[in-house]
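Visitor: Line by line, the protein sequences give chains A and B.
Position in the first sequence counted from 1, then plus 304, gives you the numbering used here.
Position in the second sequence counted from 1, then plus 12, gives you the numbering used here.
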Amino acid sequence: MTQSHRIEGGQIDRSKTLRFTFDGIPYQGHPGDTLASALLANGVRLMGRSFKYHRPRGPLSAGSEEPNALVELRSGGRQEPNTRATVAELYEGLTASSQNRWPSLRFDAMGINDKLSTFFAAGFYYKTFMWPKSFWEKLYEPIIRRAAGLGSVTREEDPDAYDKGFLHCDLLVIGAGPAGLMAALTAGQAGKRVILADEDFRMGGRLNAETFAVGDSQGADWATATVAELASLPNVRLMTRTTVVGAFDHGIYSAVERVSDHLPTPAKGKPRQVLWRIYTGKAILAGGATERPIAFENNDRPGIMLSGALRAYANRWGVKAGERVAVFTNNDDGLRTAIDLQAKGIDVVAVIDSRDGGDLLPGIRHLRGADVIDTSGKLGLTSITVRQGNGRSETIALNALGISGGWNPNVNIHSHHRSRPVYDPTIAAFVPGQDGPPGLLVAGAAAGQMSTHAALKTGRDAAIAAFDLTTVPDLPQAEDAPVKITPLWHVAHGKGRAWIDQQNDVTVKDVQLAKQENFTSVEHLKRYTTLGMATDQGKTGNVIGLAVMAELTGRSIPETGTTIYRPPYTPVALGPITGPGNRARPLSRSATGSAPNGFRNRAKPNGGSPSTVRFLPQESPSASATSRPSARSTSKAPTRALSLTGSTPTPSPRFPSANAATA
Amino acid sequence: MIIHHPILGPRDAQEFVYLGDASLIDRPDGMTAGVDAFHDYLYNRTNPAGEHQELWYHEQGDRSWLVVTRNTVTHEITKVELARDVARARGRTK
Numbered sequence: 305m306t307q308s309h310r311i312e313g314g315q316i317d318r319s320k321t322l323r324f325t326f327d328g329i330p331y332q333g334h335p336g337d338t339l340a341s342a343l344l345a346n347g348v349r350l351m352g353r354s355f356k357y358h359r360p361r362g363p364l365s366a367g368s369e370e371p372n373a374l375v376e377l378r379s380g381g382r383q384e385p386n387t388r389a390t391v392a393e394l395y396e397g398l399t400a401s402s403q404n405r406w407p408s409l410r411f412d413a414m415g416i417n418d419k420l421s422t423f424f425a426a427g428f429y430y431k432t433f434m435w436p437k438s439f440w441e442k443l444y445e446p447i448i449r450r451a452a453g454l455g456s457v458t459r460e461e462d463p464d465a466y467d468k469g470f471l472h473c474d475l476l477v478i479g480a481g482p483a484g485l486m487a488a489l490t491a492g493q494a495g496k497r498v499i500l501a502d503e504d505f506r507m508g509g510r511l512n513a514e515t516f517a518v519g520d521s522q523g524a525d526w527a528t529a530t531v532a533e534l535a536s537l538p539n540v541r542l543m544t545r546t547t548v549v550g551a552f553d554h555g556i557y558s559a560v561e562r563v564s565d566h567l568p569t570p571a572k573g574k575p576r577q578v579l580w581r582i583y584t585g586k587a588i589l590a591g592g593a594t595e596r597p598i599a600f601e602n603n604d605r606p607g608i609m610l611s612g613a614l615r616a617y618a619n620r621w622g623v624k625a626g627e628r629v630a631v632f633t634n635n636d637d638g639l640r641t642a643i644d645l646q647a648k649g650i651d652v653v654a655v656i657d658s659r660d661g662g663d664l665l666p667g668i669r670h671l672r673g674a675d676v677i678d679t680s681g682k683l684g685l686t687s688i689t690v691r692q693g694n695g696r697s698e699t700i701a702l703n704a705l706g707i708s709g710g711w712n713p714n715v716n717i718h719s720h721h722r723s724r725p726v727y728d729p730t731i732a733a734f735v736p737g738q739d740g741p742p743g744l745l746v747a748g749a750a751a752g753q754m755s756t757h758a759a760l761k762t763g764r765d766a767a768i769a770a771f772d773l774t775t776v777p778d779l780p781q782a783e784d785a786p787v788k789i790t791p792l793w794h795v796a797h798g799k800g801r802a803w804i805d806q807q808n809d810v811t812v813k814d815v816q817l818a819k820q821e822n823f824t825s826v827e828h829l830k831r832y833t834t835l836g837m838a839t840d841q842g843k844t845g846n847v848i849g850l851a852v853m854a855e856l857t858g859r860s861i862p863e864t865g866t867t868i869y870r871p872p873y874t875p876v877a878l879g880p881i882t883g884p885g886n887r888a889r890p891l892s893r894s895a896t897g898s899a900p901n902g903f904r905n906r907a908k909p910n911g912g913s914p915s916t917v918r919f920l921p922q923e924s925p926s927a928s929a930t931s932r933p934s935a936r937s938t939s940k941a942p943t944r945a946l947s948l949t950g951s952t953p954t955p956s957p958r959f960p961s962a963n964a965a966t967a
Numbered sequence: 013m014i015i016h017h018p019i020l021g022p023r024d025a026q027e028f029v030y031l032g033d034a035s036l037i038d039r040p041d042g043m044t045a046g047v048d049a050f051h052d053y054l055y056n057r058t059n060p061a062g063e064h065q066e067l068w069y070h071e072q073g074d075r076s077w078l079v080v081t082r083n084t085v086t087h088e089i090t091k092v093e094l095a096r097d098v099a100r101a102r103g104r105t106k
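(1) Compare the beta carbon distance of Val746(A) and Leu589(A) with 8 Å and say whether it is the shorter of the two.
(2) Do you know offhand how far Asn886(A)'s Cα is from Gly798(A)'s?
(3) Would you report the Cα separation of Ala587(A) and Phe355(A), rounded to the nearest angstrom?
(4) Between Val79(B), Gln26(B), Ile14(B), which has its C-alpha nearest Ala101(B)'s C-alpha?
(5) Let me know if Ser658(A) comes out buried or exposed under the rule of 16 or more other beta-carbons within 10 Å of its beta-carbon.
(6) Measure the beta-carbon distance from Tyr53(B) to Arg39(B) and round it to whole angstroms, keeping in mind my assumption that it falls under 8 Å.
(7) Residues of chain A with CB under 8 Å from His87(B), in chain order?
(8) Specify, as a first and last residue, the run of the beta strand (DSSP E) that Glu93(B) falls within.
(9) Over the uninterrupted beta strand (DSSP E) stretch that includes Glu376(A), give me the two end residues.
(10) Nearest-angstrom Cα distance between Pro921(A) and Arg459(A)?
(11) Of all the alpha helix (DSSP H) runs that stay within the bounds of the segment 725-803 of chain A, which reach a length of 4 or more residues?
(12) Where does the unbroken beta strand (DSSP E) through Thr633(A) begin, and where does it stop?
(13) Specify whether the segment 730-737 of chain A and the segment 566-585 of chain A touch according to this definition: at least 3 beta carbon pairs, one from each stretch, less than 8 Å apart.
(14) So what's Lys697(A) in DSSP terms, helix, strand or just coil?
(15) Determine the burial state of Arg801(A): buried for a count of at least 16 other Cβ atoms within 10 Å of its Cβ, exposed for fewer.
(16) For Thr790(A), count neighbouring Cβ atoms within 10 angstroms of its own Cβ and tell me buried if that reaches 16, exposed if not.
(17) Please return the same chain residues whose Cβ sits closer than 7 Å to the Cβ of Gly69(B), not counting the five positions on each side in sequence.
(18) By Cβ distance, which residues of its chain are closer than 8 Å to Phe324(A), with the 5 residues on each side in sequence left out?
(19) Quick check for students: name the residue ranges of the alpha helix (DSSP H) that lie wholly in the segment 587-673 of chain A, counting only runs of 4 or more.
(20) Can you find the residues in the same chain that come closer than 7 Å, C-beta to C-beta, to Leu534(A), ignoring five residues on each side of it along the sequence?
(21) Starting from Met43(B), find everything on chain A with Cβ-Cβ shorter than 9 Å and list it in chain order.
(22) May I ask which residues mark the beginning and end of the beta strand (DSSP E) holding Ile478(A)?
(23) Determine the closest residue to Leu702(A) out of Asp651(A), Ser719(A), Pro741(A), Gly667(A), with distance taken between C-alpha atoms.
(24) Which two residues bound the contiguous beta strand (DSSP E) that contains Trp526(A)?
(25) If you scan the segment 321-382 of chain A from start to end, which runs of the alpha helix (DSSP H) of 4 or more residues do you find wholly inside it?
(26) Can you list the residues of chain A that Ile109(B) reaches, using a CB-CB cut of under 9 Å?
(27) Name the one or two DSSP bridge partners that Arg310(A) has.
(28) What residues match up with Asp805(A) in a beta bridge as DSSP calls it?
(29) Between the Cα of Gly809(A) and the Cα atoms of Asp840(A), His718(A), Glu384(A), which residue gives the shortest distance?
(30) Considering just the uninterrupted stretch of the beta strand (DSSP E) at Gln65(B), what are its terminal residues?
(31) Looking at C-alpha atoms only, which residue of Gly752(A), Asp663(A), Gly709(A) is the closest neighbour of Val676(A)?
(32) What residue does the alpha helix (DSSP H) around Asp48(B) start on, and which one ends it?
(33) What number of angstroms, rounded off, separates the C-alpha of His472(A) from the C-alpha of Tyr583(A)?
(34) Can you grab the Cα-Cα spacing for the pair Gly612(A) / Val631(A), in whole Å?
(35) Return yes when the Cβ of Ala49(B) is within less than 8 Å of the Cβ of Val85(B), no when it is not.
(36) Output yes or no for whether 8 Å exceeds the beta carbon distance between Ser723(A) and Gly740(A).
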């Protein structure tokens with residue numbers, strides 16, 4: 305099959321072709337692709353079914369925040385469920401399959417849940433399966449358990465090894481976007497021992513997905529050159545495919561390195577994954593930001609994705625998500641997507657901008673003060689309904705829609721010591737608050753500094769501040785556009801469902817129900833609706849959920865507040881946590897097992913007296929038979945002890961056990 | 013956690029065994045103190061949310077006993093002393 309949706313450009317190696325299968329159907333991609341980008345390049349938008357309603361879903365994002373495109377990778381003992389297709393690196397012979405569907409992804413019998421959604425509102429289980437009480441254990445729970453869960457776990461032994469490692473450094477830089485690269489370069493040139501870790505297989509962060517220039521070159525090329533410069537410094541260690549997952553006490557961070565996940569089988573002597581414990585003097589969080597969608601009716605169809613993801617697929621992977629594309633935005637960043645896509649020759653049919661007034665984009669149909677109010681297309685987007693500023697609605701046929709609701713700084717790791725993020729109205733998002741982990745500085749978009757220039761500058765400044773440096777590298781020229789956003793969290797229209805948390809199928813209605821039942825605190829909202837409690841920890845959905853709650857209760861967003869995050873930043877497999885001993889079975893030795901016998905056999909030649917073996921278990925059948933009554937008598941012992949204490953004078957409450965013993 | 017051992021420098025807390033409240037150093041004199049004093053010594057501990065002096069045993073190191081002053085809320089360690097020195101300062105041993 306040809307790659308029907310591949311366009312020119314991108315950071316993929318077109319000289320090589322990789323073959324892979326998804327649900328048994330063969331496709332082709334290139335080195336540098338993720339599973340999601342390769343599937344999109346082949347025109348495949350449908351990649352999964354949602355958790356609760358079994359709605360058809362495609363990728364929402366192009367990164368680790370992905371809530372929808374969860375697949376099973378590989379087969380046999382190496383099968384791994386619930387893997388995000390957006391971060392799964394493509395390799396020759398990769399086999400992937402969809403999950404949470406039966407009998408097939410296109411026709412899923414459990415899709416009936418979607419029709420019955422009226423009954424499956426938040427708190428459904430708690431309210432419905434209460435009576436009769438005895439039914440819970442025998443009837444309700446087994447049925448619910450069978451319907452719950454996503455992927456399946458292999459029954460075979462994992463053939464691969466996992467490892468743990470320890471690293472020490474003066475500075476750990478988390479994230480290798482413009483801020484992280486600049487921070488690592490500044491500290492690295494000053495001779496500090498630096499570790500630069502990035503979850504992606506290609507460093508550069510957002511620069512890889514943008515068309516901006518940094519200095520005299522394209523952002524992606526600047527990143528490549530900077531990485532090469534860092535690699536030439538002996539005091540800098542570059543770690544790709546390494547996610548820093550948690551901040552712990554006294555500057556210790558944990559990170560998971562996926563050493564072999566991008567290979568069919570690990571190289572000889574190499575583990576699949578390594579859990580690193582990194583001891584740091586200082587750390588800089590340069591984890592970037594995650595775009596959030598806007599909630600409107602049926603905003604979860606395959607083909608609807610974050611505007612930044614749409615742009616990333618086009619710019620980084622040379623993939624168009626559709627032939628006819630529209631963008632729905634409340635901020636200037638969405639306009640960039642429209643401009644970039646049009647420059648790539650993709651037909652941008654409309655930009656639906658929820659903000660009133662302002663300049664119009666030249667050469668693109670730019671609707672101001674308009675909203676997307678509905679979409680259609682069962683297994684993939686076919687059209688959207690737009691409500692224009694004058695109140696007229698219009699249906700536009702297309703097959704991809706980018707949504708931009710603004711960008712949320714990735715404050716997660718800064719929150720791991722319970723620091724609460726604070727709301728910054730200028731970017732309409734939460735930024736790191738006070739009392740983060742000691743020694744952790746935040747730079748770039750993670751600190752709410754959204755422009756490339758600000759990222760480079762704050763990255764450099766953080767490294768300077770960490771070590772009081774005097775000689776520092778020059779800053780390259782870069783764009784410094786301000787964030788222009790008018791918050792729009794959800795489009796109030798119609799009676800249908802508008803998704804907030806796509807992974808856990810939490811809709812605006814569920815938040816309304818939580819409000820109606822007085823679960824108005826964000827912590828209650830989270831637990832009652834399961835908002836943000838899926839494996840993505842609500843990276844795309846949380847802020848919308850609490851903003852909708854703020855709207856409903858008439859409070860401001862700072863008054864409503866936000867929940868915080870806990871480790872791990874992204875899901876971690878059990879393998880690296882278990883570590884190198886994963887094939888050592890715990891030895892279960894019963895009383896008649898081999899260890900005591902071995903001891904006795906050794907004791908005998910030494911002329912051990914009968915008294916030394918008397919307390920050791922016997923192994924002859926008759927002996928074990930006689931041991932049973934004694935076991936029973938020991939089980940009676942507590943009763944006897946109780947009656948003893950009862951018959952003695954009331955023991956002093958201070959030394960009860962001493963009195964019982966003397967009695 | 014990292015404990016700055018007064019002799020060995022920064023060591024990972026994994027090398028240590030935690031014993032608890034450093035008041036265990038102040039054992040009452042069995043000849044003069046009453047049962048109440050011994051009972052308090054044996055069973056009663058303060059459980060502060062904040063600074064706390066506690067005993068750590070460097071089992072996988074030099075096997076010394078340390079008195080670590082740690083904030084139980086933030087895990088910040090402000091002071092680490094050899095238990096021997098603390099005990100001597102309190103007139104416990106030679």
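Backbone N, C-alpha and C fix where the C-beta goes; we use that ideal spot for every residue, glycine too.
Since the structure is predicted, the reported quantities are computational estimates derived from the model, not experimental observations.
Guide: By the coordinates alone:
(1) yes
(2) Because the pLDDT at Asn886(A) is just 48, under 50, the model does not fix this residue reliably, and the value given afterwards should be weighed accordingly. Approximately 53 Å, taken between the alpha carbons.
(3) 36 Å
(4) Val79(B)
(5) buried
(6) 6 Å
(7) Asp553, His554
(8) 89-94
(9) 374-377
(10) Caution applies to Pro921(A), whose pLDDT of 40 falls short of 50 and renders its modelled position unreliable; the value that the coordinates give is listed next. Taking the straight line joining both Cα atoms gives about 36 Å.
(11) 756-771
(12) 628-633
(13) no
(14) For clarity, residue 697(A) is Ser in the given sequence; the question names Lys instead. Strand.
(15) buried
(16) exposed
(17) For the record, residue 69(B) in the displayed sequence is Tyr; it is not Gly. Once the five neighbours on either side are set aside, the close Cβ partners of Tyr69(B) are Phe28, Val29, Leu31, Trp77.
(18) Pro330, Tyr331, Gln332, Gly333, Leu339, Ala342, Leu394, Tyr395, Glu396, Gly397, Leu398, Thr399, Ala400
(19) 611-621, 636-647
(20) Ala488, Leu489, Gly492, Leu500, Val540, Leu542
(21) Within 9 Å Cβ-Cβ: nothing; Met43(B) doesn't reach chain A, min ~19 Å.
(22) 466-478
(23) Asp651(A)
(24) Where Trp526(A) is concerned, there is no enclosing beta strand (DSSP E), although the alpha helix (DSSP H) it sits in stretches over 523-536.
(25) 339-345
(26) Residue 109(B) falls outside the range modelled here, since chain B spans only 13 to 106, and no answer is possible.
(27) Val623(A)
(28) Val810(A)
(29) Residue identity differs from the one stated: residue 809(A) is Asp in this sequence, not Gly. Nearest option by C-alpha distance: Asp840(A).
(30) 63-69
(31) Gly709(A)
(32) 47-55
(33) 5 Å
(34) 10 Å
(35) no
(36) yes
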